[in-house]
Amino acid sequence: MSLSEEALRAALTERSGAAWVTPILVHAETGSTNDDAKALAREGAAAGTLVVADAQTKGRGRSGASWHSPPGENVYLSLVLRPALAASAVAPLTLVVGLAVRDAVARRVGRPVLVKWPNDVLVDEKKLAGILIEGQVRGDALASIVVGIGVNVAVRAFPPPLDAIATSLAIAGASDLDRSTLVAEIVRNVARETERFAAQGLAPFLERLASNDALSGREVTVGGARGVARGIDALGRLRVELADGSVHAAVSGHVEVSPRG
Ligand code: BTN
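Below is the structure:
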């Protein structure tokens, strides 16, 4: 379970053919790997710069939430990328990264691993991983992005209120829990899918998003709109069918899912 630059380098080179991921910075503890990677990106760090930590003291989630980041058990990583994308086109990339993370963990888990719009990966309706993408804009152009990913790997108990909503690979029954291998697979998938998204947009991902959609058919509330989730549209918006039959397309926001009736 050790996390070291050597182990990560070996996994990235030998197991996933991603030797271009460099430099790799491994911290025993840091505030937030996203903050570290953003600082490096501002200083001109190349695409492929990877920051990994064993623990975070200020791990961040979306909307200012904190991300539970104890030592020794999980994956906290931030990858600097410089995709050819307009700043306005970045939002759906969170879904694409969700699929990339899903694909890396799914074969380790004996049951469905699903993507919950806009930035979660779920098993058994509980959160296994979260994604926080932050862009650095220069003028009108997107200079870089930092793709931050937290995966609950070996943690078996969460403090309240997380115990009700979070899970881990270990809880989900996954056996291969080597964090370096997992990081390597996630990084390879994220880099490949980000390149594809930059070249072709969301279209090549829509089918996979539909077949791995945690919300489809569920009663949801998002941004004040309540209805039944009806998939993700070509712009990456969540389609919500309202009581009057009309469809609201949510651009962003937290989704509250009603318990199954
Ligand atoms: C969310 O679900 O709200 C997003 C969680 C993102 C957490 C990761 S852990 C690595 C990186 N560093 C951070 O501070 N946040 C992201």
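Under the numbering used here, think of the first position of the sequence shown as 16, with each following residue one higher.
Glycine included, every Cβ here is placed at the ideal spot set by N, Cα and C.
#### Entry: Unbroken stretches of the alpha helix (DSSP H), 4 residues or longer, contained in the region 46-95
List check, alpha helix (DSSP H) in window: 48-57.
### Message
Report the CB separation of L230 from V272 in whole angstroms; it is logged as a contact under 8 Å.
### Response
Contact between L230 and V272 holds, since their C-beta atoms are separated by about 7 Å, short of 8 Å.
### Task
Please look up how many angstroms separate the CB atoms of V66 and T37, rounded, as I've assumed it's under 8 Å.
That pair is no contact at about 12 Å.
### Message
Can you give me the C-alpha to C-alpha distance between V161 and L147, rounded to a whole angstrom?
### Response
Cα to Cα, the separation comes out at about 8 Å.
### Query
Under the rule that 16 or more other beta-carbon atoms within 10 Å means buried, what is Q215, buried or exposed?
By the beta-carbon neighbour count (other beta carbons within 10 angstroms, threshold 16), Q215 is exposed.
### Query
What's the C-alpha gap between E88 and L108?
Their backbone Cα atoms lie some 27 Å apart in a straight line.
### Message
Using a Cβ-based criterion (distance less than 7 Å to any ligand heavy atom), does D69 qualify as near ligand 1?
### Response
No, the Cβ of D69 stays beyond 7 Å of every heavy atom of ligand 1.
### Task
Would you check if the distance between the CB atom of A68 and the CB atom of Y91 is smaller than 8 Å?
Against a cut-off of 8 Å, the Cβ pair of Y91 and A68 comes out as a contact.
### Query
Leaving out five residues before and five after G188 in sequence, what residues of the same chain have Cβ atoms less than 7 Å from its Cβ?
Around G188: V124 and G125.
### Task
Verify the contact flag: R194, CB atom, against every heavy atom of ligand 1, threshold strictly below 7 Å.
Answer for R194: no, Cβ out of range of ligand 1.
### Query
Which class does L113 belong to by DSSP, given the choice of helix, strand or coil?
Looking at the sequence shown, residue 113 is not Leu but Gly. DSSP, reduced to helix, strand and coil, places G113 within a helical segment of the structure shown.
### Query
Counting pairs of beta carbons, one from the region 112-120 and one from the region 195-211, are three or more of them closer than 8 Å?
Yes, they touch.
### Task
Determine the DSSP secondary structure at D193, reduced to helix, strand or coil.
Coil, per DSSP.
### Message
For ligand 1, I want to know if N167 counts as a neighbour, meaning its beta carbon is within less than 7 Å of at least one of the ligand's heavy atoms.
### Response
For N167, the distance from the CB to the nearest heavy atom of ligand 1 is not below 7 Å.
### Message
Since A213 and A99 should fall inside the 8 Å C-beta cutoff, what is the C-beta to C-beta distance between them, to a whole number of angstroms?
### Response
Beta-carbon to beta-carbon, A213 and A99 are separated by about 5 Å, close enough to satisfy the 8 Å threshold.
### Task
Please report how far the alpha carbon of A121 lies from the alpha carbon of A240, in whole angstroms.
Using only the alpha carbons, I get a separation of about 31 Å.
### Query
So what's I180 in DSSP terms, helix, strand or just coil?
When DSSP states are grouped into helix, strand and coil, I180 belongs to the coil group.
### Query
Starting from S273 and walking both ways along the alpha helix (DSSP H), at which residues does that stretch end?
Looking at the DSSP string, S273 is not in any alpha helix (DSSP H), and its letter there is neither H nor E.
#### Entry: Own chain residues within Cβ distance below 8 Å of L257, not counting five before or after
Counting only Cβ-Cβ distances below 8 Å, and skipping sequence neighbours, we find A240, R241, G242 and H263.
### Task
Return helix, strand or coil for V198, following the three-state DSSP convention.
In the structure shown, V198 sits in a helix (DSSP, three-state: H, G or I).
### Query
Hey, S17 and A199: beta-carbon distance below 8 Å or not?
Inclusion of S17 and A199 in the CB contact set at 8 Å is not warranted, their separation being larger than that value.
### Query
What first and last residue would you give for the alpha helix (DSSP H) that runs through S226?
That run of the alpha helix (DSSP H) goes L221 to S226.
### Task
If I'm right that L27 touches A33 with Cβ under 8 Å, what's the distance once you round it to whole angstroms?
Confirmed, Cβ separation roughly 5 Å.
### Query
Would V136 count as contacting chain D if we go by Cβ distances under 8 Å?
This model lacks chain D altogether; it includes just one protein chain.
### Message
Suppose you measure from the CA of R171 to the CA of W35; what does that come to, to the nearest Å?
### Response
Approximately 34 Å, taken between the alpha carbons.
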